[in-house]
Amino acid sequence: MMITVCILAVATPPIPGGAMASYTVLLTQLGIPIEALAVALACDAVFDFIDTGIDQFLLPYILLNQAGKLGLVDRETLLSRKTK
């Protein structure tokens, strides 16, 4: 079970609804009734909206943080306030 889950976590395409194929394979391999697929997909849709919103909110911070670690950010320019 762990091997199947790990392979599916890597192989799931990063597109909306991409987890549908992974859930189908996982539920079939584990012998779980196919009716559980509807519940899994409904939960995935709700949590995918929440996850996407959080990712888009944090993306600028993550990019700025990584650029700062690489020395690509001029902190003085970011922190200075120019008034006209």
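Using our numbering, the first residue of the sequence shown is number 19, and each one after it goes up by one. Where is the CB? At the ideal position from N, CA and C, for every residue including glycine.
Let's test the definition: count the other Cβ atoms within 10 Å of the Cβ of A85 and tell me whether it reaches 16, buried, or not, exposed. Against the sequence shown, residue 85 aligns to sequence position 67. Of the other Cβ atoms in all chains shown, fewer than 16 fall within 10 Å of the Cβ of A85; this residue is therefore exposed.
Excluding the five sequence neighbours on either side, which residues of its own chain have a C-beta within less than 6 Å of the C-beta of D62, listed in chain order? If you number the sequence shown from 1, residue 62 lands on position 44. The residues are A37.
What is the DSSP secondary structure of P32, counted as helix, strand or coil? In the sequence shown, the residue the question calls residue 32 occupies position 14. The three-state reading of DSSP puts P32 in coil, since its state is none of H, G, I, E or B.
According to DSSP, is D92 part of a helix, a strand, or is it coil? Counted from its first residue, the sequence shown places residue 92 at position 74. D92 falls in the coil class under three-state DSSP.
P78 - DSSP class collapsed to helix/strand/coil: Position 60 of the sequence shown, counted from the start, is the residue given in the question as residue 78. Helix, per DSSP.
Quick one: grab the DSSP three-state call for G49. Position 31 of the sequence shown, counted from the start, is the residue given in the question as residue 49. Coil, per DSSP.
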